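So the sequences go chain by chain: A and B.
The numbering of the first sequence is the numbering used here, which starts it at 460 and goes up by one.
The numbering of the second sequence is the numbering used here, which starts it at 14 and goes up by one.
Backbone N, C-alpha and C define an ideal beta-carbon position, used for all residues, glycine too.
No experiment lies behind these values; they were computed from the predicted model shown.
Data first, discussion second: the structure below is written as structure tokens.
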Amino acid sequence: MTGIMHTISPAAFFAALLCWATAALAGVDVTATADRTRVALGEQVVVTLKVVSDKALPNVPAPALPPDESYTVVRTSRNQSQSSSVQIVNGKMTQTVEITYFTYYQLAPQKAGTFTFPALQLVVDGQAYATQPFDIVVTKEPVENPEVKVRILLSKAQPYAGEQVVLTLQVAKKAQSPAQLTEQGFAECIDRIEKSFGKDFSVSRLFTQFPKGIAERIDGEFYHVFKLNWAVFPLNAGAVSVPPVSMEYIVNMRVQRRNVDPFFGDFFGGGVQQVAKSAVSNGIALKVRQLPPPPADFSGAVGKFGLAASADPRTIPAGEAVTLKLALSGNTRPGSLNDPRMPRMEEFEVFPPEKQTGVDTTAGGIVSRKTYKYLVIPRREGNLPIPPVTWTYFDPAVQAYKTLSTDSIRLEVTKGKTSPKSAARYLTQADIREVGRDIRYIKTTTEVGNQPQKPYLNPLFFILYPLPFLTALFSFLYRLQATRQKDIVVSLRRRALGHAFREVQQLRKHASAMSGTDFLSRIAVVIEHYISNKFAFPATGRTLEELRQELSTKGVDAQVVSELVSFVEGLDRYRFGGIALDDKGKTDALTRTSDFIAKLEKAYRKESRR
Amino acid sequence: MKHLLTTAALLAIVATPVLAQNGALWMERANAFYEQSAFDSAAAYYHKVIESGVNNSAVYFNLGNAYYRLNKIGMAILYYEKARALSPGDPDIAANIRFANLNIEDRVPEPQRGFLEALVWRLHTSLSLGTQLWVLVALLMALGILFSVGLFASRNVRLWFVYLSSLLVVVVLVVGASAGYKIYQSEKVTYAVVLERTVDAKNQPNGSTVLFTAHEGTKFRIRKQLDAWLLVSLPNGVSGWVETSVLGRI
């Protein structure tokens, strides 16, 4: 007490005393309690703030919790209840009423350690109140939950890669506990378990619906135990740890209803407040062992297996079908049951099998079955054996590879109705067709020329491959040039008449200023240009006889050609005969030139129309 | 330097017929030994033909036969495969490969092909790459000539040239794609045959874990080489590391 007096200042001490005294006088009690003060990381804790009064209180506040890294507030909820009691002493009846206001804080601790739930301060009916702070211990290890226990169990801690292990989720709920397990809680827990195994495992459920509880006595107390099983197949060797998983459940907390009846209130009344809680399982550690070096014919299966063979009928004519049935089964996934390899059966035609796969799922694990039905046709008569079929697997129980072998089956094959020729139609498999033959004989040639390993590196190809492209390119360019040339000739031909008339007009303008010889030379040039352009041949430098022949071949009328030749001869006579030419003579010459050009044009058009 | 080159060129001109002559002589002897069932000697002479620089499918085929008779199935398949690489359409080679494969322990199933795929594959493998390249040259020449002539033909005739050229272009593309694929395979894809009785494929070079065991004559595809180890794979996708010395490259 002395110590406390030393650590608390007198002012604070008296304030607290005053606060308590005032509260006591007012008949209000404020407390904060936790449903448990020791939880595992991943579980939740519920703190209840209780305000008890002997009268109805308006506006009872729900103080907010200060932010803290140690926990998060999952949910806050409120409720209230009322109770009344009647007392009769010496014939005098007294009735007391108690109203309780609840505020629930559902907290999820975030790290292991001890955190302090703070003192809550609130003002009720004008008076200030404060609760006592308290510690909550959060552990990494699961804390024994008296209401609900969750366990994960494995049938084998050190399985081989590919071996089937049964995983059991065991949820035990204490009998007469207010805890209630829900389908949603189971579903979420199942999902967490399956996800926690990751890609290194193949996990198959061994249940189809939620389990029913079985009463069991655990540690001297009765529990309802629910069990769910999985078949787990580790896919890779190595150490694997599966973390604890949590399971949510709800607890029904009874609260009293506001009831004015002092006698029957407790019998008929009472509401139920549902509070969510969780329990955390143990974690598990697995050491998956690697298989020893396998033999060449190892099928890949790990577990316990059986193989049986049967044939029906045993006596049959050659060429008719027998059904050879192989049945393979064992405690593994259907995908791990690889097909047995059929031995070489040269006396039989063997057709691809008809396969059937089945899976038996029990709480003890998965058993897969595969049935193969081969259609086998004996080729000849006699006592023919179907050789044994073998299949190798790894047996974890003896930690060694084992080879299953069927018995040899003897068939009594009688003479068939079908001839050997018709039986040959069954010969469909390539490797059987070749049986009984030999390799083909050597090539007796001695002419052994060199065949290049890489013929595409032959230089001749590098020369020959561009040639077609060059040929095509050259042809294209030539064609382009020819088209262009043709276009020039057409253009000149089209404009020949206009060009000639323009030149005549020019001459007409400058005729008087020109000498007779020059004038006549220019007229000759005009005519030559016209002929060259119109008929697409060079007229300049040709004799009159050549000109006549060329125009005749172009189809120009002979009369017009003769007149043209006479006209040009006349011009030449004037040019080279030294005859003077006056302006009138020049005008006449120009007029006649125009006429001749017009005549030639007409002759050309007539010819081209033809 | 000039003299040296001239001498080398002359030697090459003179030596080629000499080598060919030697090759023919050794081939004749090898065939004679084979006919007398002296397969050891026959094989030795076939090897001499190959060592003389002759690369010929007939020699490889005959050597494969000699090894088959000597019960060396791995070597036989190796030389049959070498022969097939040079003459893929040869029915004798194909038949002996099929037959020899019946005698190996590992049965690796061949890929199943539909009718159309099988037909395309048969066309693709029917010609050797060299022949195919010459066919391609001829087709391109024909296409070039058709194009050139078509340019100068009249409009009606040109239409026929267009049809014919289109058909040729399709044929050229098909033959060209097939040849291209063969060239790619020749450059990038290498195969090898197991020559020992059994070979253990490991998980890594010098590894201790045996992934699978293959037997003599099994054909692998070579994926990678690391020193004296080869990463090989089977058609079903199984792969592992194998020592170079136990395999014969095709």
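When CB distances to chain A are screened at a threshold of 7 angstroms, the residues of the stretch 91-105 of chain B falling below it are L99 and D105, in chain order.
Here the stretch 804-815 of chain A makes no contact with the stretch 664-684 of chain A; the two share fewer than three CB pairs at distances below 8 angstroms. Taking 8 angstroms as the cut-off between beta carbons, the residues of the stretch 59-71 of chain B near chain A are V62, G66, V67, N68, N69, S70 and A71, in sequence order. With contacts defined as CB atoms closer than 9 angstroms, V1019/A and L1003/A fail to qualify as a contacting pair. Proximity to F960/A across P925/A, D1042/A and L1059/A peaks at L1059/A, based on C-alpha coordinates. Contact of M154/B with chain A is assigned, a C-beta pair being separated by under 9 angstroms. Judged by DSSP secondary structure, N992/A falls outside any beta strand (DSSP E) and instead within the alpha helix (DSSP H) spanning G975 to F994. Against M40/B, the close residues of chain A are T904, T905, E906 and V907, in the order they occur along the chain (beta-carbon pairs closer than 9 angstroms). At least 9 angstroms separates the beta-carbon of A491/A from that of F574/A. Close to F165/B, with beta-carbon spacing below 7 angstroms, are these residues of chain A in chain order: R938. In this chain, the alpha helix (DSSP H) harbouring T1052/A covers D1042 to R1068. In this structure, DSSP gives D678/A a state outside helix and strand, which the three-state scheme calls coil. In this structure, S661/A is the residue among T496/A, D678/A and S661/A with its C-alpha nearest to the C-alpha of T791/A. Just so you know, the alpha carbons of R869/A and K784/A end up roughly 14 angstroms apart. In this chain, the beta strand (DSSP E) harbouring S700/A covers G697 to V701. Per the coordinates, the alpha-carbon of N68/B lies some 40 angstroms from the alpha-carbon of S221/B. V826/A and Q623/A have their C-alpha atoms roughly 10 angstroms apart. Taking a Cβ-Cβ threshold of 8 angstroms, the residues of chain B close to F920/A are L146 and V150, in chain order. Between F233/B and V202/B, the gap from beta carbon to beta carbon reaches 9 angstroms or more.
Sequence-distant Cβ neighbours of H228/B in its own chain, meaning closer than 8 angstroms and more than five residues away, are I117, E118, D119, V207, R210, T211 and V212.
The stretch 926-934 of chain A and the stretch 149-169 of chain B touch, with no fewer than 3 CB-CB distances between them shorter than 8 angstroms.
With fewer than 16 other beta carbons inside 10 angstroms of its own, D678/A counts as exposed.
The alpha-carbon separation between Q858/A and T774/A amounts to approximately 42 angstroms. Per DSSP, reduced to three states, the secondary structure at I611/A is strand.
Among the bridge pairs identified by DSSP, S788/A is matched with G765/A and R828/A. The stretch 736-749 of chain A makes contact with the stretch 497-506 of chain A; the number of CB pairs closer than 8 angstroms reaches 3 or more. Assignment of M88/B by DSSP, reduced to helix, strand and coil, places it in the helix class. Here K1065/A is exposed, its C-beta having fewer than 16 other C-beta atoms within 10 Å.
In the DSSP assignment, T226/B is bridged to D213/B. Within chain A, the residues whose beta carbon sits less than 9 angstroms from that of G143/B are Q910, P911, P914, Y915 and N917, listed in sequence order. Remark: C-beta atoms of D494/A and T507/A approach each other more closely than 9 angstroms. Contact of F160/B with chain A by beta-carbon distance below 9 angstroms involves P927, T930, A931, S934 and F935. By the CB criterion at 9 angstroms, Q617/A and K829/A fall outside the cutoff. The alpha-carbon separation between F46/B and P753/A amounts to approximately 45 angstroms.
By the criterion of a C-beta distance shorter than 6 angstroms, Q815/A is surrounded in its chain by T830, once the five residues flanking it on both sides are discounted.
Around the beta-carbon of K1045/A, 16 or more other beta-carbon atoms lie within 10 Å, marking it buried.
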